[in-house]
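Peer 1: Numbering (full-length UniProt numbering), first residue to last: 1 to 383.
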Amino acid sequence: MQDDRRKVVIIGGGLVGSLCACFMGQKGYDVFMYEKRPDPRKTAHTRGRSINLAISHRGRAALRSVGLEEIILESAIPMKGRLLHSKTGELQSVLYDPIFNNCIYSVGRNFLNEVLLNAAESYNNVTVKFNHNLVDVDFRREVIQLRNNDTMEVFEETADLIIGADGAHSALRFAMLSTPMFQFSQTYIDHGYLELRIPPELGDKMTPNHLHIWPRGQFMMIALPNKDTSWTVTLFMPFKNFNSLGSEAKIIHFFDNTFPDAIPLIGKEDLVQTFLNTKPSQLISVKCSPYHCGSKFLIIGDAAHAMVPFYGQGMNSGFEDCTILNELLERNNVKIEEIIRQYSKIRVPNAQAICDLAMYNYVEMRDLVNRKSFRVRKTVDEV
Ligand code: FAD
Numbered sequence: 001m002q003d004d005r006r007k008v009v010i011i012g013g014g015l016v017g018s019l020c021a022c023f024m025g026q027k028g029y030d031v032f033m034y035e036k037r038p039d040p041r042k043t044a045h046t047r048g049r050s051i052n053l054a055i056s057h058r059g060r061a062a063l064r065s066v067g068l069e070e071i072i073l074e075s076a077i078p079m080k081g082r083l084l085h086s087k088t089g090e091l092q093s094v095l096y097d098p099i100f101n102n103c104i105y106s107v108g109r110n111f112l113n114e115v116l117l118n119a120a121e122s123y124n125n126v127t128v129k130f131n132h133n134l135v136d137v138d139f140r141r142e143v144i145q146l147r148n149n150d151t152m153e154v155f156e157e158t159a160d161l162i163i164g165a166d167g168a169h170s171a172l173r174f175a176m177l178s179t180p181m182f183q184f185s186q187t188y189i190d191h192g193y194l195e196l197r198i199p200p201e202l203g204d205k206m207t208p209n210h211l212h213i214w215p216r217g218q219f220m221m222i223a224l225p226n227k228d229t230s231w232t233v234t235l236f237m238p239f240k241n242f243n244s245l246g247s248e249a250k251i252i253h254f255f256d257n258t259f260p261d262a263i264p265l266i267g268k269e270d271l272v273q274t275f276l277n278t279k280p281s282q283l284i285s286v287k288c289s290p291y292h293c294g295s296k297f298l299i300i301g302d303a304a305h306a307m308v309p310f311y312g313q314g315m316n317s318g319f320e321d322c323t324i325l326n327e328l329l330e331r332n333n334v335k336i337e338e339i340i341r342q343y344s345k346i347r348v349p350n351a352q353a354i355c356d357l358a359m360y361n362y363v364e365m366r367d368l369v370n371r372k373s374f375r376v377r378k379t380v381d382e383v
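1. Sorted by chain position, which residues of the same chain lie with C-beta nearer than 8 angstroms to R377's C-beta, five sequence neighbours on each side aside?
2. Closest by CA to S317, which one among M24, L134, A165?
3. With H, G and I counted as helix, E and B as strand and the rest as coil, what does DSSP make of P349?
4. Output yes or no for whether 8 angstroms exceeds the beta carbon distance between L202 and L265.
5. Using CA coordinates, which residue listed in G167, L325, I55, K335 is at the minimum distance from S295?
6. Give me whichever residues DSSP pairs with D30 in a beta bridge.
7. Which stretch, first to last residue, makes up the beta strand (DSSP E) that contains E121?
8. I want to check one thing, is the minimum distance from the CB of L63 to the heavy atoms of ligand 1 below 7 angstroms?
9. What's the gap between the Cα of Y29 and the Cα of N125?
10. Starting from D270, follow the alpha helix (DSSP H) in both directions and report where the run begins and ends.
11. On the DSSP letters alone, give me the boundaries of the alpha helix (DSSP H) that residue 469 sits inside.
12. Ignore the nearest five residues each way along the sequence and tell me which others in I324's own chain have a CB closer than 8 angstroms to its CB.
13. Taking its Cβ as the centre, do 16 or more other Cβ atoms sit within 10 Å of H191, making it buried, or is it exposed?
14. Using beta-carbon positions only, say whether M365 and V308 come within less than 8 angstroms of one another.
15. Kindly indicate which residue of F319, A54, V272 has the alpha-carbon position closest to the one of A61.
16. Which residue's Cα is closest to the Cα of P40: L235, G14, V107?
17. Please tell me whether, using a cut-off of 7 angstroms, the distance from the CB of A54 to the nearest non-hydrogen atom of ligand 1 is below it.
18. Using the Cα positions of P215 and L73, report the straight-line distance between them to the nearest angstrom.
19. My parser needs the beta strand (DSSP E) runs of 3 or more residues fully inside the segment 150-222; what are they?
20. Per DSSP, which residues does L53 bridge with? Please list them.
21. Unbroken beta strand (DSSP E) runs of length 3 or more, entirely within the segment 221-254: which are they?
22. On a Cα-Cα basis, can you pick out the residue from A168, R64, N277, I77 that is closest to N52?
23. Checking 8 angstroms against the spacing of the C-beta atoms, do N361 and F23 come in under that value?
24. If I measure Cβ to Cβ from A171 and keep anything under 8 angstroms in the same chain, skipping five residues before and after, which residues do I get?
25. Leaving out five residues on either side along the sequence, give the residues of the same chain with a beta carbon under 7 angstroms from the beta carbon of F259.
26. Buried or exposed: where does S106 fall if 16 or more other Cβ atoms within 10 Å of its Cβ makes it buried?
27. For the beta strand (DSSP E) holding M315, just list the boundary residues, first then last.
28. Can you tell me whether P260 is helix, strand or coil according to DSSP?
29. Name the two residues that bound the continuous beta strand (DSSP E) containing I284.
30. Is the Cβ-Cβ distance between Y291 and A304 less than 8 angstroms?
31. Could you check how far apart the C-beta atoms of S122 and Q186 are, in whole angstroms? I think they sit under 8 angstroms.
32. Would you say L83 and T207 are within 8 angstroms of each other, going by their C-beta atoms?
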């Protein structure tokens, strides 16, 4: 078969799946992307996953390859360093790259997903189907079963390459668990996160172009800027600490003692309401090997290597997965079976190393940044 006549099925139309659809669309393949949720461009956004993300060079390189770097960066906010908040309100800027001024960018998750979906659908050879769930995988026959959630019809689908970009709780990865020699481990850390917000009218009280951190040893709070001048504030803390803050008085007392300068910015009422009405979310780290199965199945993004968010590399690594797969597919006359085998060989050790670095970077961000010796050296993490 001619390489450009290949049919590719992608499960999951999140950030990584929709970028992958752009790469495969650009190659001229027949692409079918199935996403279990409704079209996010037509539905009200729901709270849940982080509202904004830090994009760095891995992610930018992938976006550049499909011609989307410029449009994303135009709507992103550069963050040239960390801005550390002490308990007594002193601020200290620690630049990521004082020599070459490299920086990371804060970008809205919904905006990014919408740009990627629009770009994917702009290829005539890419079809995106929402409300379609992967429900079963038959590795022996090399077919998958999908359910149309509108009609409840269940149907079979197959392709030359079937890619699971279906996130940390991937159904394709789950099916791979029962195949021989597939290694898998997952870890929920005992810290969770809660998102708070500094409204646009108070956004200018925050030093711009920084990733703000309130490092407090065992836990931390961070804030990333949004395009509308608001800031998304995320508190990462052990669940037991969250559980101990069950009343308005306890929440205010905790913030007064720990993050006093953040109270007027977030506002007491919003702070208390968010705490009392929102459960902190969990954080999972997933490692598995290999990332391929049989002659046509592959997992990428969080499906292959979900990581804790402290290195700001989950999406960036998923985007890099797309770059690497794209490069391997450039090799003419190499069978998909061999390409996905090569992909696992290259990608597993690197992605697992990033999972480890992400875990380590929590200690650095919440604690080590407070040490004098740390601040003087050039910090390259999160980038
Ligand atoms: P997802 O975004 O989870 O998308 C998977 C898609 O698959 C979803 O749309 C889902 O509906 C769909 N799906 C699931 N199951 C099925 C099924 N059975 N059938 C069909 N479709 C299905 N990363 C960074 O790089 N920088 C950051 O600053 C950053 N900050 C973060 C902050 C927090 C608090 C968290 C939790 C994560 C952060 N990340 C960050 C990580 C980043 O969010 C993820 O790595 C990224 O979203 C992974 O994209 P994905 O497409 O692989 O998975």
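C-beta: ideal position from N, C-alpha, C; glycine also.
Peer 2: Result, derived from the coordinates:
1. Residue placement at R377 is poorly supported in this model, since its pLDDT is 45, which falls under 50; the coordinates still yield a value, given next. Counting only Cβ-Cβ distances below 8 angstroms, and skipping sequence neighbours, we find nothing.
2. A165
3. The three-state reading of DSSP puts P349 in helix, counting H, G and I together.
4. The criterion of a C-beta distance shorter than 8 angstroms is satisfied by L202 and L265.
5. It is K335 whose Cα lies nearest to the Cα of S295.
6. K7
7. No beta strand (DSSP E) contains E121, which is instead part of the alpha helix (DSSP H) from 109-121.
8. no
9. 7 angstroms
10. 268-277
11. The structure shown does not extend to residue 469, since the chain spans only 1 to 383, so no value can be given for it.
12. Taken in chain order, the residues that qualify are Y343, I346, R347.
13. Flag for H191 reads buried.
14. Contact flag unset, no.
15. Of the residues F319, A54, V272, the one whose Cα lies closest to the Cα of A61 is F319.
16. G14
17. Remark: the C-beta of A54 is in contact range of ligand 1, defined as less than 7 angstroms to any heavy atom.
18. 28 angstroms
19. 154-157, 161-164, 183-188, 191-198, 210-215
20. The partner list for L53 (beta bridge, DSSP) reads V107.
21. For the segment 221-254, the full-length beta strand (DSSP E) segments reaching 3 residues or more read 231-238 along the chain.
22. Closest option to N52, Cα to Cα, is I77.
23. no
24. I11, N133, L134, V135, V137, G164
25. W214, M221
26. buried
27. Where M315 is concerned, there is no enclosing beta strand (DSSP E), although the alpha helix (DSSP H) it sits in stretches over 314-329.
28. helix
29. 284-289
30. It is a contact, given that the beta carbons lie within the stated cut-off.
31. Not quite, the Cβ-Cβ distance comes to about 36 angstroms (not below 8 angstroms), so this is no contact.
32. yes
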